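Trainee: Have a look at this one before I ask anything.
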Amino acid sequence: MEPAPKRIGRIIGLLRERYPQPRTALEFQNPLQILVATILAAQCTDERVNRITPGLFRKYPTAAAFARADRTELEQEIRSAGFFRNKAKNIIGAARRIVEEFGGAVPDSMAALVTLPGVARKTANIVLSAGYGKAEGIAVDTHARRLSRRLGLSRHEDPEKIERDLLAVVPKDDWLDFNFLLVEHGRALCQARKPKCPECFLRRICPSAEALILGGKLK
DNA sequence: ATCCCGAGGG
DNA sequence: CCCTCTGGAT
Numbered sequence: 095m096e097p098a099p100k101r102i103g104r105i106i107g108l109l110r111e112r113y114p115q116p117r118t119a120l121e122f123q124n125p126l127q128i129l130v131a132t133i134l135a136a137q138c139t140d141e142r143v144n145r146i147t148p149g150l151f152r153k154y155p156t157a158a159a160f161a162r163a164d165r166t167e168l169e170q171e172i173r174s175a176g177f178f179r180n181k182a183k184n185i186i187g188a189a190r191r192i193v194e195e196f197g198g199a200v201p202d203s204m205a206a207l208v209t210l211p212g213v214a215r216k217t218a219n220i221v222l223s224a225g226y227g228k229a230e231g232i233a234v235d236t237h238a239r240r241l242s243r244r245l246g247l248s249r250h251e252d253p254e255k256i257e258r259d260l261l262a263v264v265p266k267d268d269w270l271d272f273n274f275l276l277v278e279h280g281r282a283l284c285q286a287r288k289p290k291c292p293e294c295f296l297r298r299i300c301p302s303a304e305a306l307i308l309g310g311k312l313k
């Protein structure tokens with residue numbers, strides 16, 4: 095295998111070729127909406143979140159509206175996303191802090207975002223990139239973790255350690271899109287259960303597919 | 001390490 | 001049945 099710094103350029107080039115418009119599948123129109131949608135997306139498909147959010151954003155158009163929400167009512171509205179008690183509590187708690195400490199506007203820095211309840215680096219990175227077009231880091235979710243490990247970009251399990259490994263090899267100009275590129279590829283081919291290595295355009299530079307090639311199952 | 005938690009796929 | 005879905009707090 096080539097050293098990571100060399101391979102990463104090829105990987106990103108091939109991913110960009112295949113996924114020319116990398117972006118989140120979550121539907122949103124402003125930073126507050128991508129924040130709420132990302133909180134809801136924990137351990138839940140984007141598709142399911144997108145079924146909930148249109149009605150939610152109509153009913154709660156601002157942080158102040160979420161801050162005033164009846165918790166039990168909100169729990170029922172987001173129930174199908176799972177973890178609904180924690181998520182409702184965090185959405186209301188984050189909205190209240192946004193109103194009280196940030197003048198009603200979702201903060202646009204990592205340091206401020208991670209002070210919101212229910213928001214850690216993954217969610218903050220998504221809000222920064224999708225909501226503000228900024229990148230202070232790279233979001234490491236279940237897809238980014240799985241693909242980073244399969245591609246040999248990190249051996250760690252802990253998302254924060256994986257992010258450090260990624261930040262060390264991914265050129266800064268690619269930080270903004272890198273998570274979305276991995277997620278799109280994770281959904282299209284590199285699924286958790288049955289990755290489609292035989293038809294994957296990365297198979298020749300992927301250690302995981304390489305194992306199949308050497309085993310004679312692939313070429 | 002454990003808990004939160006519903007829904008769909010295999 | 002078990003695994004997975006863009007995690008975070010205790």
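Position one of the first sequence corresponds to residue 95 (our numbering), numbered consecutively onward. Beta carbons: idealized from backbone N, C-alpha and C, even for Gly. Since the model is a prediction, treat every value here as computed from it, not as a measurement.
Starting from H237 and walking both ways along the alpha helix (DSSP H), at which residues does that stretch end?
Mentor: Walking along the first sequence from the start, residue 237 turns up at place 143. Counting along the chain, the alpha helix (DSSP H) containing H237 begins and ends at 236 to 244.
Trainee: Below 8 Å, how does it come out for the stretch 139 to 147 and the stretch 194 to 208: are there three or more Cβ pairs, yes or no?
Mentor: The stretch 139 to 147 is not in contact with the stretch 194 to 208.
Trainee: Using the Cβ count rule (16 or more neighbours within 10 Å means buried), how would you classify F160?
Mentor: In the first sequence, the residue the question calls residue 160 occupies position 66. Per the 10 Å Cβ criterion, buried.
Trainee: Is it buried or exposed for K100, if we count other Cβ within 10 angstroms and need 16 for buried?
Mentor: Position 6 of the first sequence, counting from 1, holds the residue named residue 100. Its Cβ having fewer than 16 others within 10 Å, K100 is exposed.
Trainee: Looking at the structure shown, is Y154 part of a helix, part of a strand, or coil, going by DSSP?
Mentor: Here residue 154 refers to the residue found at position 60 of the first sequence. Coil at Y154, not helix or strand.
Trainee: Going by C-alpha distance, which of N144, A188, P114, V143 is nearest R165?
Mentor: To locate residue 165, count along the first sequence from 1; it is residue 71. When only C-alpha atoms are compared, the closest one is A188.
Trainee: In whole angstroms, what separates the C-alpha of F272 from that of L109?
Mentor: As a working mapping, residue 272 is identified with position 178 in the first sequence. As a working mapping, residue 109 is identified with position 15 in the first sequence. Rounded to the nearest angstrom, the two C-alpha atoms are 9 Å apart.
Trainee: Do you know how far the Cα of P116 is from the Cα of N180?
Mentor: For the purposes of this step, residue 180 is identified with residue 86 of the first sequence, where counting begins at 1. For the purposes of this step, residue 116 is identified with residue 22 of the first sequence, where counting begins at 1. In a straight line, the C-alpha of N180 is about 30 Å away from that of P116.
Trainee: Answer with buried or exposed for R162, where buried requires no fewer than 16 other C-beta atoms within 10 angstroms of its C-beta.
Mentor: As a first step, residue 162 must be located in the first sequence, where it is residue number 68. R162 is exposed by the Cβ-count criterion.
Trainee: Here's the rule I'm using: 16 or more other beta-carbon atoms within 10 Å means buried, otherwise exposed. How should R297 be labelled?
Mentor: Locating residue 297 in the first sequence gives position 203, counting from the first residue. By the 10 Å Cβ count, R297 comes out buried.
Trainee: Buried or exposed: where does T209 fall if 16 or more other Cβ atoms within 10 Å of its Cβ makes it buried?
Mentor: As a first step, residue 209 is located in the first sequence; it is residue number 115 there, counting from the start. So T209 counts as exposed.
Trainee: What does the alpha-carbon distance come out to for the pair R281 and A182?
Mentor: Sequence index remark: in the first sequence, residue 281 carries index 187 (1-based). Sequence index remark: in the first sequence, residue 182 carries index 88 (1-based). The alpha-carbon atoms of R281 and A182 are separated by roughly 27 Å.
Trainee: Within 10 Å of its beta-carbon, does E278 have 16 or more other beta-carbons around it, so buried, or fewer, so exposed?
Mentor: Reading the first sequence from its first residue, position 184 is the one you call residue 278. Answer is buried; the Cβ neighbour count reaches 16.
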